[in-house]
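Engineer: So that we are looking at the same thing, I have put the structure below in structure tokens.
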Amino acid sequence: MYSEKVMDHFQNPRNMGEVENPDGVGEVGNPQCGDVMRITIKVDEKEDRIEDVRFKTLGCGAAIATSSMVTELAKGKRLDEAQEISKKVVADALGGLPPQKMHCSNLASDGLRKAIEDYRSRHGN
Amino acid sequence: MGKSTNSAIFLDNAATTRTDPEVVAAMLPWLEQNFGSPATLYSMGSEAKQAIESARQSLAGLIGAESKDIFFTSGATESNNWVIKGVAEARAGKGRHIITNEAEHHSILMPLRHLEKKGWDVTYLPVDSDGLVDPDAVAASIRPDTVLITMVHANHEIGTIQPITEIGRIARESGVAFHVNAAQTVGHIPVDVQALGADLLSLSGHKFYGPKGVGALYIKRGVRIIPLLHGGSQEKKRRAGTHNVPGIVGLGEAARIASRDLVAEADQLGSLRDYIFAWVEENIEDVRINGHRRRRLPNNVNFSLEGIEGESIMLSLSYPTAEGARPVFISTGSACVSGSLEPSHILLALGMPAELAHGSVRISMAKGETREEIDYALEAIAAVAGRLREMSPVYKRGNKKCAAFDKTEGCDCEAAG
Chain A
0 MYSEKVMDHF QNPRNMGEVE NPDGVGEVGN PQCGDVMRIT IKVDEKEDRI
50 EDVRFKTLGC GAAIATSSMV TELAKGKRLD EAQEISKKVV ADALGGLPPQ
100 KMHCSNLASD GLRKAIEDYR SRHGN
Chain B
0 MGKSTNSAIF LDNAATTRTD PEVVAAMLPW LEQNFGSPAT LYSMGSEAKQ
50 AIESARQSLA GLIGAESKDI FFTSGATESN NWVIKGVAEA RAGKGRHIIT
100 NEAEHHSILM PLRHLEKKGW DVTYLPVDSD GLVDPDAVAA SIRPDTVLIT
150 MVHANHEIGT IQPITEIGRI ARESGVAFHV NAAQTVGHIP VDVQALGADL
200 LSLSGHKFYG PKGVGALYIK RGVRIIPLLH GGSQEKKRRA GTHNVPGIVG
250 LGEAARIASR DLVAEADQLG SLRDYIFAWV EENIEDVRIN GHRRRRLPNN
300 VNFSLEGIEG ESIMLSLSYP TAEGARPVFI STGSACVSGS LEPSHILLAL
350 GMPAELAHGS VRISMAKGET REEIDYALEA IAAVAGRLRE MSPVYKRGNK
400 KCAAFDKTEG CDCEAAG
């Protein structure tokens, strides 16, 4: 059902946990639907870059794998670049997702965007 | 029987069981040598006919029926569809009301929805937080136009055994046909159509170590039912189609073996089941046991783990990363596995909050299951639960509020967290 890459990220998730004193936090999903993701970021203010990013996720294999992949894709990117990471980009980087998982479990990029927005609102830009 | 290839531990026997080697041996001659159709008159045919009648007797013996009241089908899904559509049609002149409960199997609920679209009225009785139907509620819902009551004997997901004998008595007193879906019980606990008061009873071979694709419907003499499959004159013109001879022989052999082994199996698995419950409550935090503690299948265990999701539990157990680790196969009521956005309708019918239903684990054992394998599986489940909870943004240790949810009061997990 899942690609090898999805299974790899599910079994060996990258950047799991929470950034200490995060500059931005994004939480998406709903426990009633079985998926909740919490993305925390540390931003290099001078460079406008994501210095560190971590995730915590409740959800299925796809939910965990997409969260892990989003952190990998976002790390070191400029905020405007990281904001462009879409569901499709995440799914493609994982070698594809089963169609029914594209919408319900592929929320990690939304979580990242929310974390960036949170950072920007805190910094008044 | 608990063992499978590449040393996986198979604990999903409520879905399907491994075909007993004795059953396979009994079937082989009917695949390799005698492939005749029992409908034909030459010797191959009459031998096949004899084999079918012998299987019919074994099966009838297992459920306390007369062999002439046993009709072979392709399995419980067909039997259930046949009952619902066939009794509804036969009795449409009398009325168009059917009684069932919310926590039935889809092979009951979907044919009923089909009838609802055509004008039938269906009462879905609630179940309590253990999954039990109240017989008084059945009695109270009977109307002059009620033609059928259909109740599962034991629930496939939570193992709760319904008060079938009492419901059967109510049905008989009201003159309403009574159907029991016994797919999970036949071959595992004693099933007697007389004692249960069943007019119709469905069963499936692969649920008790028989082959897939074969089952039966018990139809008490005198119960009116229109065929689902029209065609040849097989099964006294009530179920057309060339007999699945190897399958039926296998089903008969499974029935013969079950008659011999059933009591010992129920005894052995029942104590393993209680051992698992005790272990889980002792060793895993924030867990809720689902289904009735005593009135339940001996081979069924179901519990919900707070703060995690079932598919990730199932995947972690099926694909362990440690070298040499044994895969463990279980089932879950999570939406990710049901193929819809909703978690198991059965767990929701108990009044369980969706977030807890997503984290459910079902362990269903086969005869011969060992304490050693169970210990291995339990350790693996506890480890996976620990790892996923560490990853979970919502899990709060000691959040007993949800584990102790009450159907009447409900539970607000978000408020509790």
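In order, the protein sequences belong to chains A and B.
The numbering of the first sequence is numbering that gives the first Met the number 0, which starts it at 0 and goes up by one.
The numbering of the second sequence is numbering that gives the first Met the number 0, which starts it at 0 and goes up by one.
The beta carbon of each residue, even a glycine, is placed where N, CA and C say it ideally should be.
Along the chain, where does the beta strand (DSSP E) containing Glu26 (chain A) start, and where does it finish?
Structural biologist: Unbroken beta strand (DSSP E) run through Glu26 (chain A): 23–29.
Engineer: On the criterion of 16 or more Cβ atoms from any shown chain inside 10 Å, does Leu114 (chain B) qualify as buried, or is it exposed?
Structural biologist: Answer is buried; the Cβ neighbour count reaches 16.
Engineer: Spell out whether any CB of chain A is found under 8 Å from the CB atom of Glu408 (chain B).
Structural biologist: With a pLDDT of 46 at Glu408 (chain B), under the threshold of 50, the predicted position of this residue should be treated as unreliable, and no value is reported.
Engineer: For Leu30 (chain B) versus Pro245 (chain B), is the C-beta spacing smaller than 8 Å?
Structural biologist: Contact flag set, yes.
Engineer: For my contact list, Ile275 (chain B) and Ala384 (chain B) are in at a C-beta cut-off of 8 Å; report their separation, rounded to the angstrom.
Structural biologist: With a Cβ gap of about 14 Å, Ile275 (chain B) and Ala384 (chain B) do not count as contacting.
Engineer: In this structure, how does DSSP classify Ser3 (chain B) when only helix, strand and coil are distinguished?
Structural biologist: Any reading at Ser3 (chain B) must be qualified, since the residue scores a pLDDT of 44, below 50, and its modelled position is unreliable; the value itself is stated next. Correct three-state label for Ser3 (chain B): coil.
Engineer: Quick one: what does DSSP say Met150 (chain B) is sitting in, helix, strand or coil?
Structural biologist: Met150 (chain B) falls in the strand class under three-state DSSP.
Engineer: Could you name the residues of the stretch 36–57 of chain A whose beta carbon sits closer than 9 Å to any beta carbon of chain B, in the order they occur along the chain?
Structural biologist: Those residues of the stretch 36–57 of chain A that come within reach of chain B (Cβ to Cβ, closer than 9 Å) are Met36, Arg37, Phe54, Lys55, Thr56, Leu57.
Engineer: Give the straight-line distance between the Cα atoms of Gln183 (chain B) and Asn33 (chain B), rounded to the nearest whole angstrom.
Structural biologist: C-alpha separation (whole angstroms): 32 Å.
Engineer: DSSP three-state call for His96 (chain B): helix, strand or coil?
Structural biologist: In the structure shown, His96 (chain B) sits in a strand (DSSP, three-state: E or B).
Engineer: Anything in the stretch 11–23 of chain A with a Cβ closer than 8 Å to a Cβ of chain B? List those residues in chain order, please.
Structural biologist: So the close ones are Asn11, Pro12, Met15.
Engineer: Among B:Gln193, B:Leu216, B:Gln233, which has the Cα closest to the Cα of His242 (chain B)?
Structural biologist: Of the listed residues, the one whose Cα sits closest to His242 (chain B) is B:Gln233.
Engineer: So Arg287 (chain B) is in the beta strand (DSSP E); what residue range does that whole segment cover?
Structural biologist: From DSSP, the beta strand (DSSP E) with Arg287 (chain B) extends over 286–288.
Engineer: What does the Cβ neighbour count give for Gln193 (chain B), buried or exposed, with the cut at 16 atoms within 10 Å?
Structural biologist: The residue is exposed, with fewer than 16 neighbouring Cβ atoms inside 10 Å.
Engineer: Cα separation between Ala379 (chain B) and Val126 (chain B)?
Structural biologist: Distance between the alpha carbons of Ala379 (chain B) and Val126 (chain B): 32 Å.
Engineer: Measure the CB-CB distance between Val213 (chain B) and Ser73 (chain B) and report whether it falls below 8 Å.
Structural biologist: Yes, they are a contact pair.
Engineer: Determine the contact status of Leu296 (chain B) and Ile166 (chain B), defining contact as a CB-CB distance below 8 Å.
Structural biologist: For Leu296 (chain B) and Ile166 (chain B), no; Cβs fall outside 8 Å.
Engineer: Taking a contact to mean a Cβ-Cβ separation below 8 Å, would you say Gly126 (chain A) touches Leu96 (chain A) in this structure?
Structural biologist: No information on residue 126 (chain A) is available, as it lies outside the stretch 0 to 124 that chain A covers here.
Engineer: Quick one: residues in its chain with C-beta nearer than 6 Å to the C-beta of Met43 (chain B), no 5 flanking neighbours on either side, listed in chain order?
Structural biologist: Counting only Cβ-Cβ distances below 6 Å, and skipping sequence neighbours, we find Asn33, Gly35.
Engineer: Indicate whether at least one CB of chain B lies closer than 8 Å to the CB of Pro30 (chain A).
Structural biologist: Pro30 (chain A) counts as touching chain B.
Engineer: Taking Pro319 (chain B) as the reference, give the member of B:Ala356, B:Ile98, B:Tyr375 with the closest Cα.
Structural biologist: Ranking the options by Cα distance to Pro319 (chain B), first place goes to B:Tyr375.
Engineer: With a CB to CB cut of under 6 Å and the five nearest residues on each side skipped, what residues in its chain are close to Ala62 (chain A)?
Structural biologist: Excluding residues within five positions, the ones whose Cβ falls inside 6 Å are Asp34, Thr56, Ser104.
Engineer: Name the residues in the stretch 290–318 of chain B whose C-beta lies less than 7 Å from a C-beta of chain A; which are they?
Structural biologist: Per Cβ criterion, the list reads Gly306, Ile307, Glu308, Glu310, Ser311, Leu314, Tyr318.
Engineer: Going by C-alpha distance, which of A:Val5, A:Phe9, A:Lys4, A:Met0 is nearest Ser315 (chain B)?
Structural biologist: Nearest of A:Val5, A:Phe9, A:Lys4, A:Met0 to Ser315 (chain B), Cα basis: A:Phe9.
Engineer: Looking at the unbroken beta strand (DSSP E) that takes in Ala365 (chain B), where does it start and where does it end?
Structural biologist: Premise fails: Ala365 (chain B) is in no beta strand (DSSP E) and is neither H nor E.
Engineer: Among B:Ser270, B:Leu58, B:Lys366, which residue has its Cα nearest to the Cα of Ala13 (chain B)?
Structural biologist: Comparing Cα positions, the closest option is B:Lys366.
Engineer: Given a threshold of 16 other Cβ atoms within 10 Å of its Cβ, counted over all protein chains shown, does Lys45 (chain A) qualify as buried or as exposed?
Structural biologist: Label assigned to Lys45 (chain A): exposed.
Engineer: So that I know if they touch, is there some Cβ in chain B lying closer than 8 Å to that of Gly33 (chain A)?
Structural biologist: Answer yes: the Cβ-Cβ gap between Gly33 (chain A) and chain B drops below 8 Å somewhere.
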